[in-house]
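I have placed the structure first, in the form of structure tokens, so that the comments after it can refer back to it.
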Amino acid sequence: MHSAEQRPADAHPGQWVLIAPEAATDPPKTSDSEPLFTKLRNPSTGEATLYLFNSGAQQLFEVKAFHEEYRSWFIGQTVQQDGRLLFVTPMDPLFLILYYLIKADKEQQGKFQPLDQVVIDSEYPNCPLLLKCADVKQYIHHVTDEKEIGSQKFHKYSQEKTLKWLKKKVNQTVKALKSNNVCVGERVLEPTFVSIKQITDTEEDYLRYAHGLISEYIPEDLSKELLKYLGLPELKSPASEPPLKKMKLSDDPVEAEEDYTKFNSNNTKTKKANSKMSAAQKALAKVDKRGMKSISSFFSSKPKASK
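As numbered in full-length UniProt numbering, residues 1 to 307 make up the sequence shown, in order.
In structure tokens:
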């Protein structure tokens with residue numbers, strides 16, 4: 001069993017924070033000064049995913065759960081049966097906002113709109129909090145075209161700017177992978193499962209690996225466009241080998257189509273035509289078997305003695 005205390009979730013950016021599981025199941029806080037666990041739409045799949053806003057909704061965190069069976073927590077004088085470990089890491093809210101920008105661009109045919117009319121979702125009422133995160137308004141131009149009328153700004157999705165922004169993210173990821181000596185090729189050496197550094201890792205290997213990590217936070221169509229923008233060709237599966245001409249595969253049971261009793265014949269030509277005898281079989285064939293009993297005679301019933 002584990003022992004833990006409830007901790008404030010407004011952690012320093014870049015750090016992992018361990019959260020007691022029951023904290024993620026409490027009712028949402030109504031005050032902006034309190035941390036908030038809430039479900040938002042995953043930017044890659046569009047499905048519900050758990051996230052965390054820190055105090056004042058200035059920072060967004062991604063929540064991951066580590067789960068093992070037969071684990072529980074001692075919290076104060078109570079036992080919490082849910083023994084999962086919840087980890088939170090800082091996340092760029094632009095990834096989640098990007099989902100709504102792409103959606104609005106398709107529905108409104110590229111019209112400029114205020115962000116508070118774009119980042120809205122009836123199924124996820126807390127998604128407008130994304131616009132409160134620090135630096136969102138400062139960096140939203142990385143993924144949108146902007147127009148300012150009076151004191152109000154209007155935005156629309158820009159794929160060209162978004163690809164440039166994502167390319168920077170990929171390059172930053174590549175730099176982090178290299179600085180931490182992360183191997184992006186064959187990472188495990190069987191059977192000892194020892195992590196080894198492969199000298200065959202190329203720049204393309206790092207780009208593909210980083211692209212895969214970034215693709216977990218963007219739609220599939222955009223991921224494919226990013227792959228082209230990075231100048232990386234799609235990996236093709238190896239060509240399948242042509243089937244053997246004489247081989248026939250079927251789900252039906254295999255049955256013998258030949259009469260194997262013909263091998264008992266003394267016809268030497270027939271033997272050669274139907275099978276190739278080994279050296280031991282050839283030597284045995286030359287032995288004089290006159291006067292020898294067949295093996296079947298040892299298993300036959302003995303004749304009864306006459307009275």
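A virtual CB, placed ideally from N, CA and C, is assigned to each residue, including glycine. Model, not experiment: these values are computed from the prediction.
- The residue among Ala65, Tyr157, Leu213 with its C-alpha nearest the C-alpha of Leu177 is Leu213.
- With at least 16 other beta carbons inside 10 angstroms of its own, Tyr100 counts as buried.
- By the criterion of a C-beta distance shorter than 6 Å, Val184 is surrounded in its chain by Asp201, Asp205, Tyr206, Tyr209, once the five residues flanking it on both sides are discounted.
- Separation of Pro35 and Pro128 (C-alpha to C-alpha, rounded to the nearest whole angstrom) is 15 Å.
- Judged by DSSP secondary structure, Ile214 falls outside any beta strand (DSSP E) and instead within the alpha helix (DSSP H) spanning 203 to 214.
- Remark: C-beta atoms of Pro93 and Val136 approach each other more closely than 8 Å.
- Per DSSP, Thr38 is one residue of the beta strand (DSSP E) stretching across 36 to 41.
- Its chain contains Pro43, Ser44, Phe95, Leu98, Leu166, Leu226 as the residues whose beta carbon lies nearer than 8 Å to that of Ile218, once the 5 sequence neighbours on both sides are disregarded; these appear in chain order.
- With a threshold of 16 other beta carbon atoms within 10 Å, Ile149 falls short and is exposed.
- Beta-bridge pairing by DSSP links Pro93 to no other residue.
- Counting other Cβ atoms within 10 Å of its Cβ, Ala48 stays below 16 and is therefore classed as exposed.
- For Gln80, the secondary structure class from DSSP, reduced to helix, strand or coil, is strand.
- Per DSSP, reduced to three states, the secondary structure at Lys111 is coil, with no helix or strand assignment.
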